[in-house]
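Undergrad: Numbering (the UniProt record's numbering), first residue to last: 1 to 105.
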């Protein structure tokens, strides 16, 4: 991903930081802590959400606490519903049967 110092506008950068970044390919559900400069930064960090796996087998996930940057991980097919209230996003991850895997605001 290009760095914002070279690409994009300040508005795009602010929106990305507030919304989070969606990543794919690992065929699991994951949500990181807010990260910046390779560490947890609850105030200014970027949230990473993913990874799509609807049409393929899921992969194993690390045990809780095994990877410092992961806040939540599940070996589940899912979708992530993002809603905004007063300009702030909240996220709910659902399995196909409607069961909630994770929530974050």
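For every residue, glycine included, the Cβ atom is placed at its ideal position computed from N, Cα and C.
Name, in chain order, the residues that DSSP records as bridge partners for residue 46.
TA: 35
Undergrad: When the Cα of residue 23 is compared with those of 89, 79, 95 and 83, which residue comes out closest?
TA: 79
Undergrad: Please report the distance separating the alpha-carbon of residue 69 from that of residue 44.
TA: 15 Å
Undergrad: Please classify residue 87 as buried or exposed, where buried requires at least 16 other C-beta atoms within 10 Å of its C-beta.
TA: exposed
Undergrad: DSSP on residue 67, reduced to helix/strand/coil?
TA: coil
Undergrad: If I measure Cβ to Cβ from residue 67 and keep anything under 7 Å in the same chain, skipping five residues before and after, which residues do I get?
TA: none
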